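Below is one structure, written out as structure tokens, with a few remarks after it.
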Amino acid sequence: MRKKLLSLGVVAALSLGLLAGCGGKNNNENKETDAPTQEATEAQEKETEKETEKETEKETEKETEKEDDGETASDGSVYYLNFKPEQDLQWQELAEYYTRETGVEVKVLTAASGTYESTLKSEMAKTDSPTLFQVNGPVRLAAWKDYCYDLKGSDIYNELSSEDFALMDGDSVAGIGYVIETYGLIYNKALLEEAGYTQDDIKNFEDLKKVSEDITARKDELGFSAFTSSGMDPSSDWRFKTHLANMPIYYEYQADNIDVTDAIKGTYLDNYRQIWDLYINNATCDPGLLSTKTGDDAVAEFVTEQAVFYQNGTWAYNDVSELGEENLGMLPIYIGVEGEENQGLCTGTENYWCVNKKADEADIQATLDFMNWCVTSEVGTKALCGVDAAMPSGDDGMGFVIPFKKNLESENPLVNLANEYVAEGKTPVSWNFSTMPSEEWKNGVGSALTSYAADQTDENWEAVVTAFVDGWAEEYAASNS
Amino acid sequence: MEKAIKRYWPIFLIPTMAAFLIGFIVPFAMGLWLSLCEFTTVTDAVFVGLKNYIRAFQDPVFLHAFWYTALFALVSLFIINIFAFAIALALTQNVPGTNLFRTVFFLPNLIGGIVLGYIWQLIFNGVLAKYNAALALNEWYGFWGLIISVSWQQIGYMMIIYIAGLQSIPEDLQEAARIDGANARQRLFHVTIPMMMPSITICTFLTITNGFKLFDQNLSLTAGEPSKMSEMLALNIYNTFYGRVGWEGVGQAKAVVFFVLVVAIGMIQLRLTRTREVQQ
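Structure below.
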């Protein structure tokens, strides 16, 4: 009896050891030889031995081949924590392709929508932390600056088409923007014409107001509304608490000639109210129901031709492409500011690549090489910029505009619309929302907007102003003390 | 055999203790330490003393979340237990179909909190839309919405515990009371409930701690709208942690306060109900 128990205990202890062995494996960099040796210690020694021999032979063959090709035969590896779920498949494919070409291991992990910050926090605490990650601008950089490798003088920095796309931390280059995006009022040309207007009829806020209120007045006759629902569900509220809120911030920064502030004055908040009123009172749904409307609702309303205008950006092209390229137009978001006839679309970036300073030297080098390859090689740039069949496998590419010298002409029609505005000499509105003091601030403004939409009194608008102005100062103080 | 167990018991404890250590003790100790630090990831903490605790207590939203949660825990405690007990009583009478009903009442408990929250959100907003209202516009809509969805989920679970308790009451006690001329009401309050105190202790403990710890339904049903007015403690901790740069430690400090609070309330409640338990 005792013997049996003893042996049970021994078995338990041994299996624990086995478990520990499995756990340790992940940390081990010698991935190729490691797995076979462990197998060999297990029961079926004889059978596996032959296989392992074969395998190792193959591996060594492969490796010598690679070295013969010998471009970047460094022993580092790349771990990219990707922010954009829309492009996950493309990044996975690109990573695989790169590994096949160069032998450098590239791992891509994509955080689920809205969980980037929490994923980054936990991944960074691990031994195998991401070597390449993203921040969305100066505010997030403040949290991660101790992790940002100085990219000044790196190959990728020298590839930038404009230094505006480098994210600076003092004198060092902490991040590099890798995609330029544009948003505005996407509209359905056919529907606008059916209502009796064209883009030329809309040159400022007054025009936009006239057109949309006219559509609302004839809603039953026309069979569609002016605006898609301005949903305040978390899947959609960023379009208003962040992107639309950029408008008053942008004009205030312009007027005061600053590019960041610790206390916003709210000079243009009456304009913000005007445009918000216009959005919610000329939409497909009652303003009281906005809190329940999602991003998908707005897309559905737009593609089923229930509404003319849909505020979103170039990244949404795949969602709305079924309306047909010739049917899609984009208008600047006019909010009724003096001289806005010359205003273009909102163009900027909130996607900055940062290299993890705390990673191994070899990994940092491998990461820098990978980044550079993405924005200079033929395959890389095609995958990043192209749309139809741009990936090596023939899948659709990412459709980005990249701020690098080797940027390819875009096939994304919304991007081309944005370029037309620039060509016409309109001033693009910069993305100032990356200077918003915190997530809490955005949430505060968003909640206040929702309440105001349901009950549009001056009192409720005061709550928006308070969240905007006082909230800014409070959040700035809270985040910077 | 017994001798062997006496001698080798530590070996048998190793797996459980290791799991407990890795999954519980270490994170808890780290959490305590981190609440005194400023950090971006858990491995680069810088000690800052009690600063985080001061900030946590200065946060008006935290204080609002505190009493809102307390109220929620209290209301859900009564509603869940009263309903669960009543249903358990009904389903231990010899009526046909009790097994089916037990299963049906227990089923909601098998659905995860997030899914449940979203489903109920659709239902509530669907109904409220008829009156041009929505969950996110009023903190009390959110409050009662949470109460309804949590009750729906937990009543079945508590019911099972109560049924087990009811079935363990010896039949002769009831019979003796009946012979002594006690009516149904008197039997309930003077025989059944005193005999049920162990079950009541467990169920009240579970409901009150679940009420305080509620996170998933709160996140999916109201997400704290409007303006954090329906944000409960656990969600407030989570939002503090990720909402602002440099506030991770404050979220951690709130979590420690939260832990102390739940333990204290749990202890008080256990003591209160334990003293009323009777020997069988």
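Line order of the protein sequences matches chains Z and Y.
When we follow this note's numbering, the leftmost residue of the first sequence carries the number 1, and every step to the right adds one.
When we follow this note's numbering, the leftmost residue of the second sequence carries the number 1001, and every step to the right adds one.
Even for Gly, the Cβ is constructed at its ideal location relative to N, Cα and C.
Fair warning: this is a prediction, and the values are worked out from it, not measured in the lab.
Inset, instruction - Alpha carbon to alpha carbon, how far is Ala-1164 (chain Y) from Glu-350 (chain Z)? Give it in angstroms, no decimals. - result: Here the C-alpha atom of Glu-350 (chain Z) lies approximately 58 Å from the C-alpha atom of Ala-1164 (chain Y).
Legend entry - Simplified DSSP assignment, three categories, for Trp-353 (chain Z): Here Trp-353 (chain Z) sits in strand by DSSP.
Inset, instruction - Determine whether the Cβ of Asn-1218 (chain Y) lies closer than 7 Å to any Cβ atom of chain Z. - result: By this cut-off, Asn-1218 (chain Y) is not an interface position.
Inset, instruction - Quick one: list the residues of chain Y neighbouring Thr-228 (chain Z), beta-carbon separation under 8 Å, in chain order. - result: Correct list: empty, because the minimum Cβ distance to chain Y is about 18 Å.
Inset, instruction - Run down chain Y in chain order and give the residues with a C-beta less than 7 Å from the C-beta of Asp-286 (chain Z). - result: The contacting residues are Asn-1132.
Legend entry - C-beta contact flag for Met-1275 (chain Y) and Thr-1201 (chain Y) at 7 Å: The residue you asked about is not Met; residue 1275 (chain Y) is Thr in the sequence shown. Here Thr-1275 (chain Y) is not near Thr-1201 (chain Y), since their CB atoms are 7 Å or more apart.
Inset, instruction - State the DSSP-derived secondary structure class of Lys-152 (chain Z), mapped to helix, strand or coil. - result: Look at Lys-152 (chain Z) here: in three-state DSSP terms it is coil, with no helix or strand label.
Inset, instruction - Output yes if chain Y places a C-beta closer than 7 Å to the C-beta of Ala-143 (chain Z); else output no. - result: Interface residue, yes.
Inset, instruction - Could you tell me which of Y:Phe-1124, Y:Trp-1033 and Y:Met-1158 sits nearest to Trp-1140 (chain Y), measuring between CA atoms? - result: Measuring C-alpha to C-alpha distances from Trp-1140 (chain Y) to each of Y:Phe-1124, Y:Trp-1033 and Y:Met-1158 identifies Y:Phe-1124 as the nearest.
Inset, instruction - Identify whether Gln-343 (chain Z) lies in helix, strand or coil by the three-state DSSP scheme. - result: DSSP places Gln-343 (chain Z) in strand when its eight states are reduced to three.
Inset, instruction - For chain Y, find out if any of its Cβ atoms is closer than 7 Å to the Cβ of Thr-314 (chain Z); answer yes or no. - result: Judged by the 7 Å Cβ criterion, Thr-314 (chain Z) is not in contact with chain Y.
Inset, instruction - Return no unless some Cβ of chain Y is closer than 7 Å to the Cβ of Ala-125 (chain Z). - result: With 7 Å as the cut-off, Ala-125 (chain Z) counts as an interface residue toward chain Y.
Inset, instruction - Could you list the residues in the region 1036-1052 of chain Y with a C-beta less than 9 Å from some C-beta on chain Z, going in chain order? - result: Within the region 1036-1052 of chain Y, the residues whose Cβ lies closer than 9 Å to some Cβ of chain Z are Thr-1040, Thr-1041, Val-1042, Thr-1043 and Asp-1044, listed in chain order.
Legend entry - Contact under 7 Å by Cβ, Lys-405 (chain Z) with Ser-162 (chain Z): The answer is no: Cβ separation not under 7 Å.
Legend entry - Cβ-Cβ distance between Thr-314 (chain Z) and Leu-414 (chain Z) below 7 Å: At the C-beta level, Thr-314 (chain Z) and Leu-414 (chain Z) come within 7 Å of one another.
Inset, instruction - Using a cut-off of 7 Å between C-beta atoms, extract the partners of Gly-444 (chain Z) located in chain Y. - result: Below the 7 Å Cβ cutoff, chain Y contributes Ser-1227 as neighbours of Gly-444 (chain Z), in chain order.
Inset, instruction - Establish whether the CB of Leu-1034 (chain Y) and some CB of chain Z are separated by less than 7 Å. - result: No, no contact with chain Z.
Legend entry - C-beta atoms of Thr-216 (chain Z) and Ala-298 (chain Z) nearer than 7 Å: A distance of 7 Å or more separates the beta carbons of Thr-216 (chain Z) and Ala-298 (chain Z).
Legend entry - For Glu-194 (chain Z), the residue or residues it bridges with in DSSP: None; Glu-194 (chain Z) has no bridge partner.
Legend entry - Boundaries of the alpha helix (DSSP H) in which Thr-1098 (chain Y) is found, first to last residue: First-last of the alpha helix (DSSP H) with Thr-1098 (chain Y): 1098-1106.
Inset, instruction - Would you decide whether Asp-127 (chain Z) is buried or exposed? Buried here means 16 or more other CB atoms lie within 10 Å of its CB. - result: Before going further, note that residue 127 (chain Z) is Thr rather than Asp in the sequence given. Classification of Thr-127 (chain Z): exposed, given that the 10 Å Cβ count is below 16.
Legend entry - Start and end residues, beta strand (DSSP E) containing Phe-227 (chain Z): Looking at the DSSP string, the run of the beta strand (DSSP E) that includes Phe-227 (chain Z) is 225-227.
Legend entry - Those runs of the alpha helix (DSSP H) which lie wholly inside the region 1192-1261 of chain Y and span at least 4 residues: Within the region 1192-1261 of chain Y, complete alpha helix (DSSP H) segments of at least 4 residues are found at 1197-1213, 1216-1221 and 1233-1243, given in chain order.
Inset, instruction - Using a Cβ-Cβ cut-off of 7 Å, state whether Ala-1056 (chain Y) counts as contacting chain Z. - result: Chain Z contact via Cβ: absent.
Inset, instruction - Taking 8 Å as the threshold, find out whether the region 368-380 of chain Z comes into contact with the region 95-104 of chain Z through three or more Cβ pairs. - result: The region 368-380 of chain Z is in contact with the region 95-104 of chain Z.
Inset, instruction - May I ask you to verify whether the region 1160-1177 of chain Y touches the region 1186-1193 of chain Y, counting CB pairs closer than 8 Å and requiring at least 3? - result: In this structure the region 1160-1177 of chain Y touches the region 1186-1193 of chain Y; the number of beta carbon pairs closer than 8 Å is three or more.
Legend entry - Exposed unless 16 or more other CB atoms sit within 10 angstroms - verdict on Ile-1179 (chain Y): Taking a 10 Å sphere around the C-beta of Ile-1179 (chain Y), we find fewer than 16 other C-beta atoms and assign the residue as exposed.
Inset, instruction - Would you give the residue range spanned by the alpha helix (DSSP H) that Pro-138 (chain Z) belongs to? - result: Counting along the chain, the alpha helix (DSSP H) containing Pro-138 (chain Z) begins and ends at 138-144.
Legend entry - Ordered list of beta strand (DSSP E) runs contained in the region 298-344 of chain Z, each at least 3 residues: Inside the region 298-344 of chain Z, DSSP marks whole beta strand (DSSP E) runs of 3 or more residues at positions 307-313 and 328-331, from first to last along the chain.
Inset, instruction - Can you grab the Cα-Cα spacing for the pair Ser-77 (chain Z) / Asn-356 (chain Z), in whole Å? - result: Their backbone Cα atoms lie some 13 Å apart in a straight line.
Inset, instruction - Could you tell me whether the Cβ of Ala-478 (chain Z) comes closer than 7 Å to any Cβ of chain C? - result: As a matter of chain content, chain C is missing from the structure shown, whose protein chains are Z and Y.
Legend entry - Cα-Cα separation between Ala-195 (chain Z) and Gly-380 (chain Z), rounded to whole angstroms: Near 44 Å, if we compare the C-alpha coordinates of Gly-380 (chain Z) and Ala-195 (chain Z).
Inset, instruction - Using only alpha-carbon positions, find the residue among Z:Thr-110, Z:Ile-333, Z:Ala-142 and Z:Ala-448 that is nearest to Met-168 (chain Z). - result: It is Z:Ala-142.
Inset, instruction - Tell me where the alpha helix (DSSP H) around Leu-208 (chain Z) begins and ends. - result: First-last of the alpha helix (DSSP H) with Leu-208 (chain Z): 205-217.
Inset, instruction - Measure the C-alpha to C-alpha separation of Gln-482 (chain Z) and Val-1250 (chain Y) and round it to an integer number of angstroms. - result: In the structure as shown, chain Z starts at 1 and stops at 481, and residue 482 (chain Z) therefore has no counterpart that could be examined.
Inset, instruction - For Val-1048 (chain Y), count neighbouring Cβ atoms within 10 angstroms of its own Cβ and tell me buried if that reaches 16, exposed if not. - result: It is exposed - the Cβ of Val-1048 (chain Y) has fewer than 16 other Cβ atoms within 10 Å.
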